[in-house]
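Okay, structure first, notes after.
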Amino acid sequence: MPAAVNERGDPLDTGDTAWVLASSALVLFMTPGLALFYGGMVRAKNILGTMMHSVFAMGIVSILWVLIGYTLAFGPDKGGLIGGLDFLGFSGVGAEPHPAGLGATIPHSTFALFQMMFAIITPALITGAFAERIKFSGYVAFITLWLLLVYSPIAHWVWHPEGWLFKLGALDFAGGTVVHINAGIAALAAIIVIGKRRGFGKEAFVPHNLTMTMLGTGILWFGWFGFNAGSALGANGLASSAFLATNLGAAAGACGWALMETMKDGKATTLGVASGAVAGLVAITPAAGFVGPVGAIAIGVIAGFVCSKAVSLKFRLGYDDSLDVVGVHLVGGIVGALLLGVFADISMNEFGADGLLFGGGVTLLGKQLIAIGATLAFSLIVTFGIAKLVDMVIGLRVTEEEEIAGLDITQHAEVGYSLSEGAGGHAIAPSGPPAHGHASNTVRVPQGGEA
Amino acid sequence: MKVVVAVIKPFKLDDVKEALEDLGVQGMTVTDARGFGRQKGHTEVYRGAEYQIDFVPKIRIEIAVNDEQVNEIVKAIVTSAKTDSIGDGKVWVMPAEEVVRIRTGEKGTDAL
Chain A
1 MPAAVNERGD PLDTGDTAWV LASSALVLFM TPGLALFYGG MVRAKNILGT
51 MMHSVFAMGI VSILWVLIGY TLAFGPDKGG LIGGLDFLGF SGVGAEPHPA
101 GLGATIPHST FALFQMMFAI ITPALITGAF AERIKFSGYV AFITLWLLLV
151 YSPIAHWVWH PEGWLFKLGA LDFAGGTVVH INAGIAALAA IIVIGKRRGF
201 GKEAFVPHNL TMTMLGTGIL WFGWFGFNAG SALGANGLAS SAFLATNLGA
251 AAGACGWALM ETMKDGKATT LGVASGAVAG LVAITPAAGF VGPVGAIAIG
301 VIAGFVCSKA VSLKFRLGYD DSLDVVGVHL VGGIVGALLL GVFADISMNE
351 FGADGLLFGG GVTLLGKQLI AIGATLAFSL IVTFGIAKLV DMVIGLRVTE
401 EEEIAGLDIT QHAEVGYSLS EGAGGHAIAP SGPPAHGHAS NTVRVPQGGE
451 A
Chain B
1 MKVVVAVIKP FKLDDVKEAL EDLGVQGMTV TDARGFGRQK GHTEVYRGAE
51 YQIDFVPKIR IEIAVNDEQV NEIVKAIVTS AKTDSIGDGK VWVMPAEEVV
101 RIRTGEKGTD AL
């Protein structure tokens, strides 16, 4: 029996709460999945630095979110633009539902936790763009400012019931604008500031281990069920239809990309199928829960086609988006947000709308365009400013020597792969001469330890 | 004494090893190597971007042998590593001034 009730006297639902808690864990798991997805695509000397960009976001964003990020996004509305500071440090975020009715049958703390996992993965998505050349301290400063100044406001606009895009009637089920278009355009802004990798367009930047990327794709696909079906904020028919649309978006994206590259190059590649699955997942994110299964397949296939073309833009336009955040997340996000205006079907979700193909005319499409345009403009400008500021104050980019040596050894004093027994190495004592005088290299152990 | 060095296609290693064992060769050193000759490299495609990869995987074999055995060993390697297609590799022979077996200190042909 449900024990608590919300303000309107509705009982909290244990099933809904259990599903959203489980979905929160699924969404968290996407971030190490992303670390594998990105990690496999970089060169071996940058594997740890690249994975760190995702995994460390799980650390810093969790804390930022509780302290201030959440209240800026979901605190009481201030002019449709930002949340008030009532929930600083998660104060008042407890077993009662969110006062504005976000997740009316689940505890406020459950909703806030679920949203925390979105806040973690979104800045992690950006990091694929400036992979292989960003300084770790610059990355930490960048994502801290970005979360508070870009992510939280846009999440408020789109998902808070008093947010201006929510009230406009633009639809975004699970984060096409807030997560993917936002991260994609922020990636473009950041790489304009940080510049190209040394040798971009001349040297072969070949993925060092695509088996990791394939596993990462599987984990992302799996976790995305929490991302989209969890966004129903309940264990119900809507969650189930969003779940189905999610699977179909990924499946159709993978097939679409593979078909496109088979026609162009004669071969389907594993990286193409992995990229297509992610592109399909990105595009279905805003639309899951508002479209039927056939609409989901159409959106996935189109995203696979379009994104497979969009990833080559960087060579023509000359920007170095290392792991194609722009080509997959920005372009895939726009494809999904626009096609939602075509394939939305109100019979799938009473809070949705009818798109172009379901007799709704171009009304929804127009609202979608406004939401896309507002996200692009705000995120591009503010992210550019943040990147410039960080670059001036602490520096965004590693030195040329560090870039050549790789992020792993220069930023973290580690190597990802140590496969040979012949590498040499000895303990370095914390002070004084080494225990064995002949050693040319020694291991430095913590104070009180024995060398 | 000579050192025979062969660079071959990786999938031919077992055939070469068996051919050498049939001649009584008791040891060899094998290294993963990369290189190109007239075969040149190959093309890889990632997200539609094509890259020319110049150095392709090869296996490098080194064997220290008696002067009398050199010709039959070279012949055995050439026969067993041959596929008749471009990129089969090369064999060359170099003089070895001295060989020492580390465990016993034996020198010269006794150490082979």
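Those protein sequences? They're chains A and B, same order as listed.
Be aware that the first sequence starts at 1, since it is given in my numbering, and climbs by one per residue.
Be aware that the second sequence starts at 1, since it is given in my numbering, and climbs by one per residue.
Where a beta carbon is used, it is the ideal one built from N, C-alpha and C, also for glycine.
Host beta strand (DSSP E) of residue i (start-end)
i      : result
B/M94  : 89-95
B/P57  : 56-65
B/K2   : 2-8
B/V30  : 29-35
A/Y151 : Element bounds for A/Y151: n/a, residue is neither H nor E.
Cut-off 6 Å between Cβ atoms - residues of its own chain near residue i, not counting five sequence neighbours on either side
i      : result
A/G84  : G75, P76, K78
B/G87  : Q39
B/I53  : G41, H42, E44
A/V42  : T50, A131, E132
A/F136 : Q411
B/K90  : V7
A/V66  : F90
A/V55  : A35
A/F378 : none
A/L188 : V326
A/A303 : G253, A279, G280, A283, G332, V335
A/V179 : T122
Residue i classed as buried or exposed, judged by whether at least 16 other C-beta atoms fall within 10 angstroms
i      : result
A/E132 : buried
B/D110 : exposed
A/Y417 : exposed
A/P97  : buried
B/R47  : buried
A/F118 : buried
A/G128 : buried
A/F243 : buried
A/E450 : For A/E450, the predicted model reports a pLDDT of 47, less than 50, meaning its position is unreliable and no value from the coordinates is stated.
A/V278 : buried
B/T83  : exposed
A/F222 : exposed
B/I102 : exposed
B/K58  : buried
A/S240 : exposed
Neighbourhood of residue i by C-beta, 8 Å cutoff - its chain only, sequence neighbours within 5 removed
i      : result
B/T29  : I61, E62, I63
A/G94  : P107, H108, S109
A/I394 : K135, S137, G138, A141
A/I346 : G352, A353, D354, F358, G360
B/E106 : V100
7 Å CB neighbourhood of residue i in its chain, flanking five on each side removed
i     : result
A/A57 : T31, I120, P123, A124, I143
Boundaries (first-last residue) of the alpha helix (DSSP H) holding residue i
i      : result
A/I120 : 108-126
A/G253 : 237-265
A/A371 : 363-393
B/K75  : 70-81
B/L13  : 13-22
A/H53  : 47-64
A/D172 : From DSSP, A/D172 is part of no alpha helix (DSSP H); its letter is neither H nor E.
A/I291 : The question names Ile, but residue 291 of chain A is Val in the sequence shown. Taken as a continuous stretch (DSSP letters only), A/V291 belongs to no alpha helix (DSSP H), as it is neither H nor E.
A/L210 : 210-229
A/G184 : 182-194
Reduced DSSP category for residue i - H, G, I as helix; E, B as strand; rest coil
i      : result
B/E50  : strand
A/P11  : strand
B/E44  : strand
A/I82  : strand
B/V100 : strand
A/L428 : Note that residue 428 of chain A corresponds to Ile in the displayed sequence, not to Leu. Three-state DSSP puts A/I428 in coil, outside helix and strand.
A/I134 : strand
A/R316 : helix
A/D354 : coil
A/A451 : Model confidence at A/A451 stands at a pLDDT of 42, short of 50, so the residue's coordinates are unreliable; what they give is reported in the following sentence. Three-state result, A/A451: coil.
A/D408 : helix
A/D345 : coil
A/K309 : helix
A/D77  : strand
Residue i Cβ short of 7 Å to the ligand FMN heavy atom set
i     : result
B/G24 : With respect to small molecules bound, the structure shown includes none, and the ligand FMN cannot be examined in it.
Whether or not the region 180-197 of chain A and the region 318-334 of chain A are in contact is what I'm after, with contact meaning three or more pairs of Cβ atoms, one per stretch, closer than 8 Å; do they touch?
yes
Quick test of the definition: if touching needs 3 or more C-beta pairs under 8 Å, does the region 392-408 of chain A touch the region 200-210 of chain A?
Output reads no: the region 200-210 of chain A does not touch the region 392-408 of chain A.
Counting Cβ pairs, one atom from each stretch, are 3 or more of them under 8 Å apart for the region 226-242 of chain A and the region 166-176 of chain A?
yes
Quick one: any contact between the region 268-279 of chain A and the region 208-215 of chain A, if contact means 3 or more CB pairs under 8 Å?
yes
Between the region 310-325 of chain A and the region 259-268 of chain A, do at least 3 Cβ pairs fall closer than 8 Å?
no
Within the chosen definition, does the region 145-153 of chain A reach the region 404-421 of chain A through at least 3 CB pairs nearer than 8 Å?
Using a C-beta cut-off of 8 Å, the region 145-153 of chain A makes no contact with the region 404-421 of chain A, since fewer than three inter-stretch Cβ pairs fall below that distance.
Measuring CB atoms only, is the region 336-346 of chain A touching the region 356-374 of chain A, in the sense that at least three cross pairs come out at less than 8 Å?
yes
Is there contact here, the region 237-254 of chain A with the region 279-298 of chain A, by at least three beta-carbon pairs under 8 Å?
yes
Does the pairing of the region 189-199 of chain A with the region 14-22 of chain A give three or more beta-carbon distances under 8 Å?
no
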